[in-house]
Structure formats: C-alpha cells, structure tokens
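Have a look at the structure below, then the notes.
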Amino acid sequence: MTEPILRVDSLAKSFGGVRAVRDLSFTVSAGEILGLIGPNGSGKSTTVNVLSGVFPPTAGSILLGGEAIEGLPEAQRVGRGLSRTFQTARVFPEFTVRQHVAMGCHAIRQVNPFASILPFGAWRGEQAGIDGQVDEILRLCALHPVADRPVASLSSGQQRFLMIATALAARPKILLVDEPAAGLVEHERQDLAELIRGIRQRGIAVVIIEHHMALIMALCDRIVVLNFGAKIAEGSPAEIRANRAVIDAYLGEAA
Amino acid sequence: MSKHKFTRACAALALTLVAGSSLAAEKKLTVGVADALTGGGAVYGLPQANAVKMAAEEINAAGGIKVGADTYKIDVIAYDDKANPTEATNAVRKLIDRDGVKYILGFCCSGSTSAVASFIGNEKAVMLVGNAAERSITTKKIPNLVRTRPPADYTGQAAGTFIARKGQKRIAVLGALDVGFYAQYVDSVEREIKKAGGEIIAREVFSLKDRDMTPQLTKIRGLNPDAILVVGYVEPAAFVYRQAVELGMNIPRYGFTSGSEEQFLRVTTSEQMEGVWDLRPTELTLLSASKNGIAYHANYTKKYNASPSPSSPYAYDQLYALKAAIEAAGTVDNTDAVAKALRNLAVPPQVVMQYQPVDGKMFDVNGQAYTSNGAFQWQKGKWVFVEDLPSDSKAYSQFLSTLN
Amino acid sequence: MNRILVLLPWLLALALLAVLPQVLSVKYYLHLSILALIWVIVAQGQNLIQGFTGYVSIVQAGFMGIGAYGSTLMGLNFQWPLWATMVMAPLITALFALATGYPSLRVKGHYFAIVTLAFNLIIVIVLVNYSELTKGEAGISNIPKPWGGNREAFYYLALALAVSLTGLAALIARSRVGEILLAIRQNEDLVAALGIAAWKYKLFAFVISAMYAGLGGALYAHFQGFINPEIFGVAQSLDAILAVILGGSGTIAGPAIGAFLVVFLPEILRFADSFRLILYGLILVLATIFMPIGIVGIAKAAFARLTRREAGHGG
Amino acid sequence: MLAVRDLRVSYGGIEVVHGVSLDVAAGECVALIGANGAGKSSTLKAICGLVPASGGAITFEGRDITRASGHAIVRAGITMCPEGRQVFPQMSVIQNLRMGAYTRNDSEQEADLSRMMDMFPILRERQSQAAGKLSGGEQEMLAIARALMARPRICLFDEPSLGLAPKIVASVFETLARIKAMGMTILLVEQNSMMALNLADRAYLFEAGQIVMEGAAGALKNHPDVMRAYLGH
Amino acid sequence: MLIEILQQTINGLAIGGVYVLIALGLTTVFGILGIAHFAHGSISMFGGYLTYFLATSQGLPVLAAIPVALAAGILLGVLVEVLAYRPVRNANHINAFIVALGLTMMVEGINLQLFGHEQVVIPTGLSRVFRFGGITVPELRLYVIVAAIVLVVAMMIFVERTKTGQAIRAVAENRDAAILMGVNVRTIPLIVFGMSTALGVAAGIMVGALFAIAPGIGEGLVVKGFAVLILGGLGSFPGAILGGTVLGITESIAAGFISSAYKDVIAFVVMILVLLIRPQGLLGRAP
C-alpha cells in the first residue's frame, strides 16, 4: 500500500444553511476496503454523492490517483476510475442482464459510440471484446445463470448484485458501494461479502457504507465513522468497536 | 352511301339532338367554396360560404347560367380550410383533383388564400377571392384569380388623407401590425400624414388573442399624442377603445376595424365609443347601402336567422361576377376564356358592394376590384356614415401594377 | 427465416408505396400521400427524442419552420440552387436545436415539455414579427418547386427520403447510441453514474430529431410553394407527438404509420363537419386509454400471440 | 382476531405469495421472518389493502376485508407503520401526527397527541419542524407515533429497523416492547430475525412466498435450520 | 416615468391574478396526481361561457349565474378525472399528457358547438374608474384583484386548516402513507379536480368579465399557467402565487417599455432564464 488511490482532504458540503459534511479527510489505498459508518443523516450518502460528482463540494479537494477530480462532472470521474452504486436499486428494467452490464463498459470504450450508427465498421469487432469482459463480470457476480433474463424479472437481491456488476464493467480503480446489504438476508450477505473480497483481490479499492455491523466488521480493513457530517473516529474494526465516541453516537451498548 | 345507311345516320343525328337538348335542360355547374367554416376565421368564412349558397339559389331560381343553348344550374360544394394554409391547399386540391371543380370562391383569410394563390396559376381553374385583404394576392398578376375586396392600403391612403385634413400631427398607432395588410394600411396612412407635416410617433402591437391593451396604451399615454389610430380585428380592437377611456385618454380615436355595433357593444358602452371614427371600405352598412344591399340583408337574415357579416357580400358578388363572365365567355369548360372575361367585366347590376370600376371594368388588369371607402363615426350607439373618403381606384390600380 | 418474416411487412409496404402513384386515379390522394411522407420524416425525428429518449418535445413544428424558412430564404436572398438550400436546411435547424437544446435539456419531464413548447411559440412570434426577413404573417409564396411542380416526381423524392431516414432511425436505434438513449429513458441518473455523459446523447437525439424536422419543413416549403408562420405552430407539433403515440412510440414502423394517420384522419373525419374537433379529441383520448402501445404495439402483441399459439400446436 | 387464509398476491401476473395462512390473536405479538422477497411485506400490504389479494381470504374480527379498500381497512382498526418510515416530509411533525388520527372523529385526539409527545419527547421538541428534516431514527419514532394516533386494534410494522443505525435499532425495539406491554396487538415483519424473535410471542418463517415453519418465538429461535439460515450462527 | 411604472404594475396585477388562479389549479392537479392538465384552460373557459349564457340568454343576475357555473365546472372537472385521467393513472406520464391534449380539443370543440365562435363578454355593468393622481384603476379590475386574493387565501386556509385539505397534502407527499392513514385516495382526486376546476372557472369568469372569452383564449392561458408553474416551481402553492404575479407584471412592463410585439417572447425568456439559474423554479424545492 503505497500512494493512496483516493485522497479526500478537508471536504465540506452545505445545502442552504445545513452543513451536511464538514472538514472530512481520509484516504483509501489500492486493494483496501474502507467502511464508512455513522447514524442516519450523518453525511455518509452526501459524501458518496460529492465523491461521485452528483453535487459539487462546497470546499475541499478530492484526489483520485494524484489528480484533482472535484471539478469534474460525474461521468468523467467514472472514466478516471471511480464508480459507485446506489442505496436503492437503480436499474434499467427493460434491458437484459447482459445488456445492462455492457452499459457499464461505455465509460472506458475506446471507440466513439457515434461510430456505431454506421451499418459497418469498428464496433462489431469491439463488441466481441466487450462480450468477453461482460461474461467475466457476470461470473464474478454469480449472475451468469440469469444473463439473458430481463432485469425487471430479477429479485431485489439480484438487482443489487447487478448494480455492482454494472459498476465493475467500467473497470474502476475504486468502487463506492452505498448500503449494498440493505434488504439482503444472511446467505445473500455472505455472497456479498465474498464478492467484495473478490473485487479487492483484483486490486480495486472499495468504500462501503453499511449499517449491518457484522458485515462491516468482518469485511473492512479500516473504518471511518461520521456523526453530524464530521469524522469522529477512524481505525481498525477492533479499534472502532471499542471507541467510546462511536459507541455513544452510533453503536450503542448492545454492540 | 346506301339509303339504309342514310336513314341510320339521320336517326343517329336526331337522337343526338334530342339527347343534347334534353341534357341541356339538366346541366349542372359545380362551384367550390374553400373557406374557414370552423375555428377563429369562421367569423368571416362562414357568412361568405352562406352568401355564395344564397346567391346560387337566387341564380338557379332566376333560370341559372345561360351558355349558348345550355342552361346551367349551380351546385355548391363547401370545404372547411380552417383559415389554415395547409388545410386550404388540401381543400382546393380536393375540389380540383377529386371533384373536378373549375370555379372556386370564398377565401376570407389571407394566409390560406395566399397558399392557394401560389399554385392556382398552374391549374385549369378560376379563383375568386373575397374578404382576404393581403395586398400581395393581386400583385402577382395571376391571370385566373380575381378579388372583390380591395387591398387594405387602398383604404389606408384615403384614411390618411382624411386624418391629415383633421389637423392632428402626432398620431400613435396601436394595431395588429403583425398582420401584413394592417401594417400596409398604416404605411399608407403614414405617407399621407407626412405629406401634411405630421408623423406617426408610436407603432404598438397587439395580437389576435390579446385583450389587455393597457400596457401599450399606458405607454402611448406617456407620449401625449394628438390622436390614436387603431387597426385590427374588431375583437381585440374594441378593448383598445374601452381601455383608452378607462386610462383617461381624451383624444380623437380613428380606426380600421369594420366591426358592427353589436360587436362593439359587447365590449364597450356606447359612451365609451362616442366619437370614434372608422375609416374603411363602404361595406354592408344599412345606412350607406344600396337597394341591393338592403335586399341582401333582408334575404340573408331571413334565410340564416342571423345578420350577415359586413364583409360577406364580397363572396355573394363573386358568384354574380362569375355568372356574368361565363355567360360572356360562352363556355363553362374553357377556364382561360372565363378568366379573361372576368377581367373585361362591367360591374353586374346584382352586386351588393359599391364598386368603383377602373376603365369601366369591375376588375382591373391585376384582377382587383375596388369599392368606395367611407368615414363612419360612432354617434349615440350607432355607426353613422359621415362622408365618402376620397378614393382614386384608377391611381391605386396603377400603383398596384407596379408591385410584384 | 425469422429475419425474412420481420422484413416482409416492410418490403410489402415499400412495394405498395412504390406503385401507389401509378394506381391512384384521384391525384388528390397523391397530394395527401406526399404530405404524409413528409410527416413520416418529421415523426421519425420526433420519435428519436420522444420514443427512444423519453423526452416529450413540443417544438417539432417550430423546427420544421426553421428548415422551411431557412431553405426558402437562402434561395430567395442568396439565389442558391434549390438542392443546395434543401441540404442546408437541416444544418441550419441543427444550429438552432443546439442553441435551444442546451437550456431545454437541463430540465426533465414536464419542465422540458413546457420549455420546448415555449420555444415553439417564440419561433412563431419571431417569424410573424420579423417581417423584414420573413414577410410576416402574409407568408412567402412562389417558392420554387423541383421538376416544375411535377407531383409524381416529388412523391418519389419524398418516398426516397422518408425511407432512407427511417432506415437511419433504425440504425441509430440499433447502435450503442440508441442503447444509451433507451437507458436514459429508463433511468437517467444511473446513466450518469455509469460514466456516460448523458447530456451528449440527449443533445444528439434532440439535434438529429430537429434535423429531421428541418428537412421535413424544407420539403414542405418546396412542395407547397407557400409558407407562413401559422403552419409551424404548436398545433402541428402536437400532431407530431400524436403520430408517434398513435403509431407506436419507440418503434420504427410506428411513426411512419402514425404520420399517415395524422394526415388522413382529418380527411376521413370531414363528414363530422363542425363536430370534427370534438371527434378528433375523442379518438385521441380513447386511443391513449385503450391502445397506449400504439398500432404497432398492438400488432406486435397480436403477432406474438399468434406465433405462440402455433408453436404450442407444434409442440 | 386477524385470520389470513390461503392468501395469494401477484404483481403483473407474477405470483409472489402462494397461499399463506396465518392468525393473530388479540394482545398477541406475531413476527413474520424470512429472506428478502419471501413474501412477508407483500402479505402485510395485502392485509392493509395497499395491494389487492389475487386469492384467499382475510378476515378481521369476523369481518371479511379481503376486497376492502385501504381506507376502509384503516377504519376497521388495522394500521400499518410502513417500511422506510414514509412520513409526510413537507408537513410538520404535529401535522403528521394529526394525519394519523384522520379516521377519528372523537374529542380525545388532542389528548392522544400530547400522550404521544410524552411517549416520544423528541417529537415534542421538534413538533413544528418539517418531518423530512428529522433524522432517520426520529422519523421512525414519528411513524410509530403516527400509527398509534389512529387508536388501532392491531398495528402492523413493516421492517421498522431497515436502514437504521444499530443504536437506533435497539431503541426502536425498546419502543415496540413498550407498545406490546401496553397490550397492543402487533404483527411485525422484520429482517433482523434475532430481535424480532426476542420480541414476539409467535412467529412464522417465510420462504419463497410460503410459510415453511411456525411456532412459538422461543422454539423457532432455537431451531437449528433457523439459526443457520437466518440468525447467522 | 414613476407613474408609468406604477400604472404598468397595476395593469399587470389583474392579468397576474388570473394567472395565479389558473396556475394554482394546475399546480394542485400536478402536485397530487402528476398530471399536466392541459385541458384546464378550455374547461375554465367553459365555465366563463356558461356564466355568460346564464346571465344573458337566461336572464340570471351575474352574481347568481356564477355559483351555477362553478357547480357545472366542478362537475365537468370531476367527470374528466373519472372518465379520462383515471384510466391512464398507472401508465407513463406521457399518456396522461396526450389524454390532456385530446381533452383540450374536445372541450374547445364543445365550447364552439355550444357557444359559437364570436367572442363574448360577461356583462357586469361595472364601468366606473378610480383615479389616484395620474394612476387610473377601473373598478372591475380592482374587484378582480380583490376576488383573486380572497380565493387564494380561502384555498390556503382550506388546505392548511381543514382535515380534507391536510389529506390532500398528504396524498401529494406520499400516496401510500396517506392510504395507511385511512385517506380514501379514490375520492381525493375528485376533490382536487373539483377544487382546481372551481379556481379555473373563477379565472374564466374573471377573464370573461374583464376581457373576453373566445376560441383559443383558454389554450393561451393554460400555456401561461404552465409558465407560471415553471417560474414558481412545479407543485408549489407559494410558487404559483409569486410566479403568476411576476409573470403578469413582467408582461405589462415588457409591453410598455421594451416591445409590445415581443412581450410573450420576453415572458418566456424570463421563464427560461429562471430555469437555467434555478432549475427547480423560484420557490420550488431542491431535488
């Protein structure tokens, strides 16, 4: 773990007078899983939205692989290697699973999509390469049995895996997953943990927001805890579990 | 030639003659009407279509059109063009292509009329335009098109002279200046006023659907004009008169709206209208109308249970002009000959409007007819004919010939 | 085999359209057919933005107007040959679409619809009032017609353009761009999150759709020989939407069928006289309620049921 | 009190609940547990009329309410505290609570209102704030209080802990226990099987749209299959 | 100059009031049912026509004709909801929009058929003019402005203070949760359409008394109504009130000081500019 993939420095975001995120700094390295936890409304999702470019930050900098990206639009950040998923399932219901994942490849395709309008030429050749890549991702995410089914027919758990698969198709250096386990049951959660470890093995950094503490504690290398938009703790799962401030603000005595 | 053959030929000839004469008694001439029968333009179009139908019935009752030995009874087909150019083209194409009609009347509104005028020159048909006032319709010298209503600027010239004579120098205009012929009317007025040393100090616009003219009037009030000139359709124009009074403007008001008393009184009170001038063609207004006009008004009212619109006789006169032209040309099939005959026609005795012939002809070389213009004033709830406006149809006809 | 089955209706329709002028005895219907072919082009454009991208644009007739006036005025003022101005018309329209698309496409849903409607109103107001250039409400007549106004020749020109532009629409729909447009229709936020600059594709769809309209407008001008602002009002933009909905939104055949309906329906309803407007509206309401997927959608569903039943017999 | 017999629910032709039967007696707390998509929430939604039942029967206090519309079911005495809280975000806390009493015409609404605010002091503190501005935990409290404002005879809870911080989850279950102690009849759907089984008297285990196990909560909690699949042991 | 600005502001207030009422009707329907109710303008005009008809042909006093027209308008609005919008409730929002366009044609056609194509003006007999220094205010305009304010306040009270009003808000904010509160979500749309149409008919009567009712006027009004909604923010009551007033005055000032020919263009450009700077409208909520 040398130079971090993502370096967030003094990040702040306000809506009107409400300071949703304040003075937040942390780093993520290649192959690391970072947990981002905190009570509802503590600014976790806002952080993800600011990192991915849905909102511009009010202040602070975001360095991806050493390059400042805080001024870039959402789409270009994906091209630079930062992908994300959403809290609630967001999918293209009319596509097949395979088409859906292939959509994720657009950010890194070398051939201009407009060239594909011509009835001949480049994109057929490229399509074959994409097919191979999509197959690989589908296998990784255990979606290959349903590859040709319409997305609308998938269960909500499968749709969550599909979101991750589609984000992976853009070959990210870092993947932000927003509450991936919400609504999953135990065995699905285990599959999810397995998948996220598999993603880490490919050298991709993962930032995960989650309320399911067992999952977070088992999965994360490091955890950042937010409360009222500010970082109150950072450290290994064991450190966090023992942190007084975190117990008071978030975990409670039971955990 | 054998005797046998000869008898057969004689029999055939006799049969032809008999058949021919019997056909002659039943011949039918279909004329088409393309006009706005629904929508906003129907205020003008529907009475025109009614007027053509009424004229057809009268002519049929009086024995029809006589062409050589044949007598034609007139049949009228009317299609709605909604005052829309595409629909008007479709309607006329249908009349010509499908119904085989050669004579097309009506045409209240400028846009749809111009659309048809742009292709009628290539057709074996004759087009008679009614109320549409856009000047360019008769500047193109289309040989098979004539128009009964004079262009607006012919009237505008007369109106300008009249206003100049009244001595006001600074005139503010408020009108439907986005409509070509209204703008042309104002241009003519301006030319005459300038000759007398006056000027037009404002040209404010309202559109057909505007009813609140106070913003424009407030601006005009701030300019302190000597008089105001209102040109446009009566529906919005009536509001200008009312709101000008409400804004406390007590200056002479001139107009070119051709609205009836009833139309104005829906919007204004009679007091609000008192003294307003309307400078316009001498159309169907009872006080100024001829004997024909009074009869037309009575017959129309009886037949359709509503007063005819002031401009509807433009269409009524079309059919009488057409009848006279066909009879003069001696053919219903040769439209070129009929078109030529229209251009050589003296004003037929049955027409309602008071035409001012040019060189003794109803239509000039451009196919344009001219009525006289009059100054009308609102006095105690009524439009009163005050005087004829000085109108020179011959001079205007020459001017029109210079345009294209 | 399947491919042929899919192509068959297209080939049949094409053959029918190709011989149509020869079999029509009443040339009035040829006139309407030419208008319908022009509307096929306009509706295919509308479908790109409305059917595929999911943005209801109400400015299609306004863009027709820009194409029509663009072609006419270039011919009038620069004396360019008719063919050159007709090629330029969609390009000029594209410029306008770029300028209006940028602000319009920043908003979605009903906002977008109303903003484009406002643009259509603005186009008409400017065409009416900028009379030094456009001759205002009186319109421009005697616009040159190709082949001296030979309608049969014009029919084949319109047919060739309608067919090739329908083909182009099909190519776009099958391309990756088309796929992205469909994705935008389903979930635009996700598209952006996947690293696709959605605005580029929306603008592309909007501009191409406007170019279709621009060409359609130029064809209209040189077919009718007369244009005025009224022809390009909001009512006609609504006709374009109607054509797409009635025929089948998001399909290739739908707008083509819808275009013929839009042109011929008023003709068929002529018997209704002054009740026509009421009847026209009623048909629109009933069609949307009872066949929301359009004629093509219904036909496809019926076809699918038929083949399924046959397959069932076979098994 | 509440009896569901052979209930079937379909969405767009796809059946997701295949003949479920369950009972809730007065004063009882019953939990529905099982995997996501197993049909628990759909069953709940069918009971309170948010989705139509495609088959089977639901009776409440002897009355058939299978085909009744949502508002009639509320009037009959069934209230649901929905998944994801579903407060009215632009309305104030107090307006939200008043909406809870929408079906009531009695004169004790204001008294109930202040009782609720005694029970949940945070709501009194925030009474004139827009509900959307509350934190997730506070919104959950509001949703529960709002449901109680209807004075229901049975209260349905759909995933009350979903998406909440662990500390808040604990306090939500404390609240549910208090409501249970007040004698309220409860039907609870919950992902967090352990906490649900700790609270409930009886439970039904759902799998793929069917009930595969039922019994006393304690018994289910110690069942080896349940432990392995749902309790993460 | 100052007098002119003041006069123009007062000029704009009357039409602004009409815009507010039209926009409030549109915004309630939009906020609660997500329908862009394009036929609203034509239905409003129907109410205006009816008032005219009752007051002239039937000889009713105008003040007696108004409630009858309101009742008839409400009935029509409710019928439209049940027969036309309800069947497309669950379909794509484009479909509801197309239905709205079809309805507009139908109602326009019905208006033409029943009341003809001549413009009508509801006779009120109010022709006095008040003068304050250089500023003139016709009494009819004054009453229209006052009536518009009264109606707006009445509606705010209804929505904020009554149980039904709160239920309407609840349905707008969260339909499912409203069902769970025991709100009958089948009757709420009827109430909403009734209320919205009542406001529309009131606007139609004002237009008919102050100006005129004629074919096409309703469509023009509904387009302006939507412009107001966009200006103020879709679904926002205060937004509709502010937006309508702003649009009315903007038009008046634009016509008086910039160009009467392009006053509508200026109004739409203002709308588009606001949208560019604040896409959610002046008082709309941030997304």
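Chains as they are written, first to last, in the working numbering: chain A, 15 to 269; chain B, 50 to 453; chain C, 2 to 316; chain D, 1217 to 1449; chain E, 318 to 604.
No residue lacks a Cβ here, since even glycine has one placed at the ideal position from N, Cα and C.
Quantities reported herein were computed from a predicted structural model and do not represent experimental measurements.
C-beta neighbour in chain E for residue i, strict 8 Å
i               : result
L1266 (chain D) : yes
Q405 (chain B)  : no
L452 (chain B)  : no
L13 (chain C)   : no
S1226 (chain D) : no
T263 (chain B)  : yes
V1220 (chain D) : no
V1236 (chain D) : no
is_contact[residue i, chain A] using C-beta, thresh 8 Å
i               : result
R107 (chain C)  : no
N1252 (chain D) : yes
L307 (chain C)  : no
Under 8 Å between C-beta atoms of residue i and residue j
i               : j               : result
F1373 (chain D) : K1256 (chain D) : no
A90 (chain C)   : G218 (chain C)  : yes
E268 (chain C)  : L118 (chain C)  : no
A1214 (chain D) : V1309 (chain D) : Nothing can be reported for residue 1214 (chain D), as the shown portion of chain D is limited to 1217 through 1449.
V150 (chain B)  : I126 (chain B)  : yes
M362 (chain E)  : G535 (chain E)  : yes
V41 (chain C)   : A257 (chain C)  : yes
V407 (chain B)  : K443 (chain B)  : yes
N407 (chain E)  : H1287 (chain D) : no
I452 (chain E)  : I327 (chain E)  : yes
E200 (chain A)  : Y1446 (chain D) : yes
N422 (chain B)  : T306 (chain B)  : no
Short CB-CB distance (under 8 Å) between residue i and chain B
i              : result
V24 (chain C)  : no
T453 (chain E) : yes
Cβ shell of residue i (< 7 Å), same chain only, five flanking positions each side left out
i              : result
A273 (chain C) : L280
L367 (chain E) : A386, A389
Proximal residues to residue i (C-beta, below 6 Å), its chain only, five neighbours per side dropped
i              : result
L278 (chain B) : I220, V222, Y303
A464 (chain E) : none
Supposed contact pair residue j and residue i - C-beta distance, whole angstroms, cut 8 Å
i              : j               : result
C158 (chain B) : A85 (chain B)   : 6 Å
M227 (chain A) : P1382 (chain D) : 5 Å
G1 (chain C)   : G298 (chain C)  : No statement about residue 1 (chain C) is possible, as the shown extent of chain C runs from 2 to 316 and does not include it.
S360 (chain B) : N180 (chain B)  : 4 Å
Q321 (chain B) : V294 (chain B)  : 5 Å
M8 (chain A)   : L195 (chain C)  : Because chain A spans 15 through 269 in this model, residue 8 (chain A) falls outside it and cannot be assessed.
Own chain residues within Cβ distance below 8 Å of residue i, not counting five before or after
i               : result
L152 (chain A)  : V111, R112, V115, H158, A161, A179
L1350 (chain D) : V1303, V1309, R1342, L1358
D262 (chain A)  : none
Y103 (chain C)  : L204
Minimum Cβ-Cβ distance from residue i to chain C less than 8 Å
i              : result
N139 (chain B) : yes
R98 (chain A)  : yes
G346 (chain E) : Rather than Gly, the amino acid found at residue 346 (chain E) in this sequence is Val. Closer than 8 Å: no.
For the region 194-211 of chain B against the region 227-244 of chain B, are there 3 or more C-beta pairs whose distance is under 8 Å?
With the cut-off at 8 Å, the region 194-211 of chain B and the region 227-244 of chain B touch.
Quick one: any contact between the region 96-105 of chain A and the region 45-56 of chain A, if contact means 3 or more CB pairs under 8 Å?
These segments do not touch.
Say whether the region 348-362 of chain E touches the region 562-581 of chain E, bearing in mind that this needs 3 or more beta-carbon pairs closer than 8 Å, one atom from each stretch.
No contact exists between the region 348-362 of chain E and the region 562-581 of chain E.
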